[in-house]
Every structure is written in C-alpha cells, then in structure tokens.
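*Asks:* Pasting a structure below so you can have a look.
Protein chains: 2
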Amino acid sequence: MKLSTKSDYGVRALIELALSGDGAPVQRAEIASRQQIPESYLDHLLGQLRRDGFVRSVRGPGGGHLLTREPAEMCLLHVIESLEGSVAPIACLEEGGECTHAPGECVQCWVWEDIYEETRRRLGDISLADLADRVRDQRRGAAANYSI
Amino acid sequence: MKLSTKSDYGVRALIELALSGDGAPVQRAEIASRQQIPESYLDHLLGQLRRDGFVRSVRGPGGGHLLTREPAEMCLLHVIESLEGSVAPIACLEEGGECTHAPGECVQCWVWEDIYEETRRRLGDISLADLADRVRDQRRGAAANYSI
DNA sequence: GGAATTGTCGAGTTTCGCGCTCAACATTAT
DNA sequence: ATAATGTTGAGCGCGAAACTCGACAATTCC
Numbered sequence: 048m049k050l051s052t053k054s055d056y057g058v059r060a061l062i063e064l065a066l067s068g069d070g071a072p073v074q075r076a077e078i079a080s081r082q083q084i085p086e087s088y089l090d091h092l093l094g095q096l097r098r099d100g101f102v103r104s105v106r107g108p109g110g111g112h113l114l115t116r117e118p119a120e121m122c123l124l125h126v127i128e129s130l131e132g133s134v135a136p137i138a139c140l141e142e143g144g145e146c147t148h149a150p151g152e153c154v155q156c157w158v159w160e161d162i163y164e165e166t167r168r169r170l171g172d173i174s175l176a177d178l179a180d181r182v183r184d185q186r187r188g189a190a191a192n193y194s195i
Numbered sequence: 048m049k050l051s052t053k054s055d056y057g058v059r060a061l062i063e064l065a066l067s068g069d070g071a072p073v074q075r076a077e078i079a080s081r082q083q084i085p086e087s088y089l090d091h092l093l094g095q096l097r098r099d100g101f102v103r104s105v106r107g108p109g110g111g112h113l114l115t116r117e118p119a120e121m122c123l124l125h126v127i128e129s130l131e132g133s134v135a136p137i138a139c140l141e142e143g144g145e146c147t148h149a150p151g152e153c154v155q156c157w158v159w160e161d162i163y164e165e166t167r168r169r170l171g172d173i174s175l176a177d178l179a180d181r182v183r184d185q186r187r188g189a190a191a192n193y194s195i
C-alpha cells in the first residue's frame with residue numbers, strides 16, 4: 048500500500064515551479080538538481096503534468112517549465128491523481144474499474160469506501176500554495192540559522 | 048497505492064471462521080473453496096495470522112483453523128497490519144522506518160500524516176464481527192430471494 | 001503400530017510494474 | 001546553421017507479489 052515515487056517527485060517539482068514565481072520558465076536540470084530528482088525520469092513526470100494541464104513547457108534556449116495557474120488554484124488531489132492514476136487502495140473503488148463482486152457484496156468496499164472518500168476530501172483541501180509557503184518558510188528559517 | 052491480495056484473502060478467511068462459530072475447526076480446503084482463495088496461498092496467510100495470534104490451528108484428521116478470540120474483539124486494523132505489514136502510504140510514516148529527510152522537511156509527511164492516522168483510526172473501529180454480521184445478513188437475504 | 005489426514009514451512013517460479021536510462025526527434029533563440 | 005532546450009517511446013534491471021510444490025510434523029483412527 049505504498050505510493051510510488053512519482054507523486055513525491057512530481058509534487059516537489061511543482062513546488063519548485065511555484066517558488067520560482069517570477070514568470071520565467073524553470074529548466075528541467077534546475078528542478079532536478081534543486082529537488083534531487085533523476086533528470087531523465089523527471090521528463091516523464093513533467094510530461095504527465097503537462098498532459099493534465101498543470102504545467103506548460105517552452106522549448107529552445109531559455110525554455111523550461113511553468114505552472115499554468117496560481118499555486119493556490121491547484122489542489123493536491125488532482126495533482127496526485129494525475130501522477131499516480133488513483134489513490135484508491137483497492138481497484139473496486141476506482142472510476143470505471145468495477146467491482147467484480149455482485150453489488151453490495153464486496154467486503155473490501157465496505158471497509159475502504161469511506162476511508163477513500165475521506166482521503167480524497169483531505170487531499171482536495173491542500174493546495175500547492177500551502178506546500179510552497181511551508182517550504183519557503185522553512186528555507187528562510189534554515190538561512191536564518193546559518194547566518195547566526 | 049494498492050493493497051495486496053493478502054488483506055482481502057486474509058480478512059475473508061477470518062470472516063469464514065467467524066461465521067462457522069460452532070467451535071469446530073474449519074479446514075483450509077473449506078475456507079479456500081467457500082471464499083475462492085487459492086488453497087496453497089492461503090497457507091501462508093493463515094501462517095501469518097497464527098503467528099500474530101488471530102487463529103489457532105489443529106493438525107490431523109478433523110483438524111483445521113479457529114479464531115483465538117471473539118470476532119467482536121478483533122479489529123481490522125490489527126488484522127490488516129498483520130497481513131500487509133503496514134497501511135502507511137509512505138515509508139516515512141512507518142514505525143521504525145525513519146524519514147530520510149531532516150525532521151519537519153518531508154513534504155510527503157506533511158501531506159499524508161493526518162490521512163494515515165485517520166485511516167488507522169477508522170480501521171480500528173471496525174471489528175471482524177461487524178463484517179461477519181454483514182455477510183451473514185447478506186447470505187440470508189440472498190437465500191430469501193431464492194426461496195421466493 | 002501403521003496408514004490416512006490435516007497443518008507447517010521454506011524454497012522456487014512466474015509475472016508485472018516501478019524506477020530509470022537512452023536515443024531519436026521537435027522546437028525555438030541567437 | 002547551430003546550439004539549447006523540451007518530447008516521446010522503447011527498453012532494461014530489479015524486486016515484490018502471487019502463487020506452487022515438496023518434504024516434514026502432528027494427530028487421529030483402525
């Protein structure tokens with residue numbers, strides 16, 4: 048019952064874009080080095096995020112990647128579902144993925160349905176801006192410590 | 048982010064034991080055929096559940112498997128954690144498994160810690176008896192339908 | 001005591017997806 | 001034209017999941 052590295056890498060990549068909010072695109076290499084993400088793997092994650100409308104990419108010299116919206120307008124639920132496909136703990140609860148049992152007979156669904164909904168609700172309440180702010184605060188704190 | 052088949056198979060095996068509550072052991076083959084579980088795989092699941100004190104097994108003719116306690120005294124959290132190892136969505140949140148990031152710096156922990164706790168709380172509130180009752184009711188309903 | 005019945009355990013197998021790399025190609029700035 | 005960037009798909013290695021199997025242990029029954 049583990050998430051893959053995709054959501055970790057992907058969310059951190061988006062945070063990096065949110066933090067560099069001066070309108071200039073951020074290059075793949077820069078995101079990768081700042082967030083310790085394998086560069087060639089990041090390609091695929093950015094590709095997925097682009098397909099689902101979270102980032103826009105610019106080719107050529109001076110190119111890179113940008114958020115398509117304000118970080119406050121992006122919730123983690125959509126981002127993570129884009130990267131992971133789904134956060135459902137069992138296949139029956141996925142959209143389109145039907146329960147193979149007769150309706151109302153699946154023990155797993157009884158157990159996990161409410162938990163799944165609660166999980167999605169909570170992820171929907173967290174925005175990319177929330178995380179970016181927290182990282183920003185933290186980096187400031189670390190810098191302050193070093194400067195003593 | 049999927050559970051393995053272990054928790055599904057294992058929980059359904061325990062339900063079968065709970066439903067056959069006349070004190071007589073239930074054989075592996077019977078559990079397997081009633082719940083559609085591969086028989087030789089069920090071995091390992093029963094072994095794990097035995098090691099963690101949920102079932103007791105009897106060898107020889109007339110042998111089989113029994114619950115060690117009343118179904119109402121077994122919560123799904125413990126059962127599923129026995130079978131799956133952990134229901135944490137990320138390794139940082141597991142007991143003993145430490146976060147590799149500096150304390151307070153892990154984005155994943157920020158996001159998932161509360162969800163994880165809520166999940167465990169809810170699983171802790173479901174007993175094996177709850178599920179067994181529901182299965183019993185359902186089977187009665189199905190039988191009633193057939194008898195019309 | 002011996003045979004039949006049941007559980008126990010560990011090793012082996014197969015399949016699959018994750019995590020990642022790489023090479024060929026597309027696009028744009030200078 | 002060239003260099004700098006992003007885009008895409010193929011492919012690889014590894015580990016885990018989902019089993020299977022065979023040898024062994026315990027118990028009952030005759």
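For the protein sequence lines, the chains are A and B, in the order given. Going left to right, the first sequence walks through residues 48 to 195 as my numbering numbers them. Going left to right, the second sequence walks through residues 48 to 195 as my numbering numbers them. Idealized CB from N, CA, C, for every residue including glycine. Because the structure is a prediction, the values reported are computed rather than measured.
#1: Please report whether the beta-carbon of V73/B lies at a distance below 8 Å from any beta-carbon of chain A.
#2: If contacts are defined as beta-carbon pairs under 8 Å, then E131/A and S54/A qualify, I think. What distance do you get, rounded to the angstrom?
#3: Does the CB of I84/A have a neighbour CB from chain B at under 8 Å?
#4: Using the beta-carbon of each residue, which ones in chain A are nearer than 8 Å to L178/B?
#5: Would V126/A pass as a contact of G57/A if the rule is Cβ separation under 8 Å?
#6: Which residues mark the beginning and the end of the beta strand (DSSP E) in which G94/B is found?
#7: By the 10 Å Cβ neighbour count, where 16 or more other Cβ atoms means buried, how is A189/A classified, buried or exposed?
#8: Does any heavy atom of the ligand ZN sit closer than 7 Å to the C-beta of I173/B?
#9: Take G107/B as the anchor and find which of C153/B, P72/B, C156/B and G143/B has the nearest alpha-carbon.
#10: Could you check if G70/A is buried or exposed, using at least 16 other CB atoms within 10 Å of its CB as the buried criterion?
#11: Taking the alpha-carbon positions, what's the D90/B to C122/B distance?
#12: Mind checking whether L175/B and I62/B have CB atoms under 8 Å apart?
#13: Spell out the partners DSSP gives S111/B in its beta bridges.
#14: Can you list the residues of chain B that T147/A reaches, using a CB-CB cut of under 9 Å?
#15: K53/A versus chain B: which residues are under 7 Å apart at the beta carbon?
#16: Is there a C-beta anywhere in chain A that falls below 8 Å from the one on A119/B?
#17: Could you give the DSSP three-state label for C122/B: helix, strand or coil?
#18: Looking at the strands, I want to know which residues DSSP matches up with V73/A.
#19: Ignore the nearest five residues each way along the sequence and tell me which others in V102/A's own chain have a CB closer than 8 Å to its CB.
#20: Is E131/A close to chain B, meaning its C-beta is less than 8 Å from at least one C-beta of that chain?
#21: Out of I84/A, P118/A, A191/A and G151/A, which has the shortest C-alpha to C-alpha gap to R186/B?
#22: Can you tell me which of the three DSSP states S174/B falls into?
#23: So with Cβ pairs under 8 Å, would you call Q185/B a contact of chain A?
#24: Return helix, strand or coil for A179/B, following the three-state DSSP convention.
*Replies:* The structure says:
#1: At a cut-off of 8 Å between beta-carbon atoms, V73/B makes no contact with chain A.
#2: 5 Å
#3: no
#4: Per Cβ cutoff of 8 Å: V154, W157 and V158.
#5: yes
#6: Looking at the DSSP string, G94/B is not in any beta strand (DSSP E); the run it does join, the alpha helix (DSSP H), is E86 to R98.
#7: exposed
#8: By its list of ligands, the structure shown contains no ligand whatsoever, and the ligand ZN lies outside what it can speak to.
#9: P72/B
#10: exposed
#11: Taking the Cα positions, D90/B is about 22 Å away from C122/B.
#12: yes
#13: The question names Ser, but residue 111/B is Gly in the sequence shown. Paired residues: V105/B.
#14: Going along chain B, no residue has its Cβ under 9 Å from T147/A, so there is no contact; the nearest lies around 10 Å.
#15: None at all; the shortest Cβ gap to chain B is about 10 Å.
#16: No - not a single Cβ of chain A is within 8 Å of the one on A119/B.
#17: strand
#18: H112/A
#19: L61, L64, L93, L96, H112, L113, L114 and T115
#20: For E131/A, the answer is yes, since a Cβ of chain B falls inside 8 Å of its Cβ.
#21: For R186/B, the nearest C-alpha among the options comes from G151/A.
#22: In the displayed model, S174/B falls within a strand according to three-state DSSP.
#23: yes
#24: helix
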